[in-house]
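I have placed the structure first, in the form of structure tokens, so that the comments after it can refer back to it.
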């Protein structure tokens, strides 16, 4: 019988990242999937990246992950969101050719040392609350030191087309019922729901009357390492719903699985179905629909913005009321999927379950939505499985929430839990200005090593870092007085302050020509943009460092043994929250919505007075 | 903040008065009491005892009331004692010297606000309540007094700034949405900047509106004028209730003029002294007319005193010197000695204070000059200060073109609000984002 270090169940975005990183660190790794062809499937939207999502993806990339590299290889359209707002909130989004992605991912995994097992995992085996292995339908029992479960939407998955339902994790895939039993028996779960729109035949769309959106990425790719995209790039198109569409939907809300009450579970606020949009926000001159082609050789188009769970007949009717889709034909109708997910507060900070040792959960099963969120969790769980099993040294500070979006994600999930599928937004990060898509290599510098990168990639990063250091050093050695700057047509306060080149950089228009003229240093545009924003935001970084130190002093005040009910003068509402969330330290207590500083004050005083006199 | 150690301080002013109070708080209180009084107070919680205090020579320092409060049932939550010395500043200084000579480690004079601080730390008061105590003491108007009492006894929610919290969450949610959901709705940077400006304008208006209300002292300024010996000093002393009040000279006006305050019927008055009031030994200083003229511009109402011997021309002279117009009351004094036919107000030194006030219609005069509109105040000084801090961000935000930096600065404002009104976290913002904007695919 095979004996593995790590078994990963589920070959979705989380599973692949977990298996990949585990293998790179030299652990014997198995990846179990029900179908080989499922490897690297994009369940919903054929795109990777976006505001907040690219942020996570770029961190996965610099940790040695694959989603960005394979994404770029399979991209057929690019768009950079928030381009004018600066790299802190850039979101390069790539439309992905589904087939290409699948093929590329499968090729990658098969060429690695990961043992791919095509089977269904039906049980987790543990002894004395410690993992010993996994049981599969055909292969039987497989021994392993650690198990990472990444089953996405498959646990007790049920899909809905209006009143028609089917047990499935995704269309065409059966749900995992056996595993669900084990999970429900051992962990607190909740029922979540997500939806997907219909897929339309491209040939049936009238593109001539629609607005095209060509591909443009301004040289920005998903992966740090991608130099170019050699695929043919195609257009996306934009259309809108109209009053006719809205009337059809309104008249048939009772046939919607979500609105007729058939589905009772919580949906996603920021991925509202078209029923949601119309009910809550009315007509608004029509709601936007982005027509995203599924691939260069695909006949299908993914209409982004009209996910729904209406009856199939109604879907066709309302689709055909939309401009450009008057004669559309549908290949796959839109549906909603309901599934079990685990309350992420069942997990420790390293994503190991509190109850069973060496059992990790990652991905949509933890109550998130999105490929990137899944990938971030997968690589995170994988790294921590490696650290646990092989006792590899890893600088865990990189995963603090003031240093990475993965950190924010992990912290939010394990501390606050979820009430709806969790999606990453840049505004979730307090330190947003620092957590940029163009500086992940800096934030994760302590982790860059030859295990996770091949020689070429490793040398590339180091070369770039050295080059940057040299340029910064040169800039810092140049000094300018306010008068010097006035002569160079830069207005500053006459405060007599001497600024170095780096500090002056924020006043310039950051083009390579300007830079050369001003400092007489040659630089490429990408690096220039990066250090320009470093200069611009430096005052905020400074402030953040200071306040983080202050917070650090308090934040570690341990609250695990406190009986909150004994603290006098806490309001009932606050008491309820403290008892519900059970914060482990003061910092976490402060993050609970509605907790007042005076309540924190009470906690401090209570902690201090307990047993000791205040002199 | 403040270091530990037993602290002491007077809690009444160190002036000649019936009593001077000292409070001591900390773990050494019983020890100090033993040394001071040679008695053991440990079983005498909350009992006032009259005892002898001994100074550092062994001589009697004073014989007076002392009370001991056992922790935690005291103002600060620690062991506390209060000593009610005879009101001699000399005795007070002897007490302090005695305390110093005990050589108790850590014993020291309390810093400003330190007793209150300890009461907060030991959870006898909330932070806002402690601040309200301070505000109540320093209040100058009844309306702001009422507001601070409301806060002290009612809690933070009753603050007038609470609605602004809604505004800032809404604003921040729009900024958040415009960054994270740029694709889904049309967010106009100019519009957002306009809304930010509107928010600051609102803060500014609240500030201006309430600053004047709070600074409004609701004091009616009156002046007694009249020839010498007409009885101004008698009336003056009656108004300020000299028999009961500690008459201390109140400094504060810019022209070095002595005035006193008195309160009657819940209304505050400032009464200005004229010639004859502050006479030095044997020398009566005639009041400088220049000074008188400059004050009379600020006077709301004049009480013009006259008796049987006063000539009409005297009164006319007074009216001219002090620029008295319709804002006066003619009062005839010594009605116990003289009979007056006129219908003007007549007072006598034999009337008690209450009757005198009624006769000269002090309450009505106050109502006439002090506006009672807009008496309700929704903010206290603390909160005004908070608004001013918020407004400090305005300059930086208005000139900023980078929406991320604006978002970061707004986040700082949000954090300041959190400190005052309870943590505003991401969920509060997202609730707004998703209910106000149609976003997401």
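Chains as they are written, first to last, in the numbering used here: chain F, 21 to 635; chain D, 2 to 442.
Each residue gets a CB set at the ideal place from its N, CA and C atoms; glycine is no exception.
Using a Cβ-Cβ distance under 7 Å, would residue i count as near chain D?
i                      : result
residue 106 of chain F : yes
By Cβ distance, which residues of its chain are closer than 6 Å to residue i, with the 5 residues on each side in sequence left out?
i                      : result
residue 239 of chain D : 354, 357
residue 56 of chain D  : 62, 95, 99
residue 331 of chain F : 182, 275
residue 407 of chain F : 414
residue 249 of chain D : Model confidence at residue 249 of chain D stands at a pLDDT of 44, short of 50, so the residue's coordinates are unreliable; what they give is reported in the following sentence. Nothing listed; no residue qualifies.
residue 272 of chain F : 334
residue 300 of chain D : 222, 224
residue 495 of chain F : 521, 522
Spatial neighbours of residue i within its chain, please: CB distance less than 8 Å, with the 5 preceding and 5 following residues excluded, ordered by chain position.
i                      : result
residue 207 of chain F : 362, 363, 366, 373, 375
residue 536 of chain F : 542, 543
residue 125 of chain F : 36, 59, 60, 86, 90
residue 103 of chain F : 110, 238
residue 487 of chain F : 547
Against chain F, with Cβ distances strictly below 7 Å, would residue i count as a contact?
i                      : result
residue 405 of chain D : yes
residue 177 of chain D : yes
residue 10 of chain D  : no
residue 437 of chain D : no
Would you list the residues sitting across from residue i in a DSSP beta bridge?
i                      : result
residue 61 of chain D  : D:55
residue 138 of chain F : F:53
residue 196 of chain F : F:175
residue 414 of chain F : According to DSSP, which records beta bridges pairwise, residue 414 of chain F is partnered with nothing at all.
residue 188 of chain F : Looking at the DSSP assignment, residue 188 of chain F forms no beta bridge with any residue, so it has no partner.
residue 28 of chain F  : F:51, F:168
residue 224 of chain D : D:273, D:303
residue 70 of chain D  : D:81
residue 231 of chain F : F:258
residue 112 of chain F : F:100
residue 324 of chain F : F:310
residue 147 of chain F : F:150
Could you name the residues of chain F that residue i contacts, counting a contact when the two beta carbons are closer than 7 Å?
i                      : result
residue 181 of chain D : 71, 72, 445, 446, 447
residue 409 of chain D : 453, 560
Starting from residue i, find everything on chain D with Cβ-Cβ shorter than 7 Å and list it in chain order.
i                      : result
residue 109 of chain F : 180, 405
Suppose the cutoff is 7 Å on Cβ atoms and the five residues either side in sequence are ignored; what does the same chain contact list for residue i look like?
i                      : result
residue 514 of chain F : 502
residue 430 of chain D : 170, 173, 174, 177
residue 308 of chain F : 258, 260, 325
Quick check: does the Cβ of residue i come within less than 6 Å of any heavy atom belonging to the ligand ADP?
i                      : result
residue 463 of chain F : Within the structure as shown, the ligand ADP is missing, as the structure has no ligands at all.
Can at least three beta-carbon pairs, one atom from the region 48-57 of chain F and one from the region 353-369 of chain F, be found at a separation below 8 Å?
-> No: fewer than three Cβ pairs fall under 8 Å.
Answer yes if the region 441-450 of chain F comes into contact with the region 388-406 of chain F, meaning at least three C-beta pairs across the two stretches below 8 Å, and no otherwise.
-> Cβ pair count under 8 Å is three or more, so yes.
How about the region 400-419 of chain F and the region 37-47 of chain F: do they share at least three Cβ pairs that are nearer than 8 Å?
-> Counting Cβ pairs under 8 Å, three or more are found: they touch.
Do three or more CB pairs link the region 71-79 of chain F to the region 455-473 of chain F at distances below 8 Å?
-> Result yes; three or more Cβ-Cβ pairs closer than 8 Å.
Do the region 303-313 of chain D and the region 187-203 of chain D make contact, defined as three or more Cβ pairs closer than 8 Å?
-> Verdict: no, contact absent.
Validate contact between the region 333-342 of chain F and the region 148-166 of chain F using beta carbons, cut 8 Å, 3 pairs | No, the region 333-342 of chain F is not in contact with the region 148-166 of chain F.
Check whether the region 311-322 of chain F touches the region 249-263 of chain F, taking contact to mean three or more Cβ pairs, one atom from each stretch, closer than 8 Å.
-> By the C-beta criterion, the region 311-322 of chain F is judged to be in contact with the region 249-263 of chain F, since at least 3 inter-stretch pairs fall below 8 Å.
Please confirm if the region 315-325 of chain D is in contact with the region 335-342 of chain D, defined as three or more CB-CB distances below 8 Å between the two stretches.
-> Taking 8 Å as the limit for Cβ pairs, the verdict is that the region 335-342 of chain D does not touch the region 315-325 of chain D.
Taking 8 Å as the threshold, find out whether the region 113-124 of chain D comes into contact with the region 34-52 of chain D through three or more Cβ pairs.
-> The answer is no - the region 34-52 of chain D does not touch the region 113-124 of chain D, with fewer than three Cβ pairs under 8 Å.
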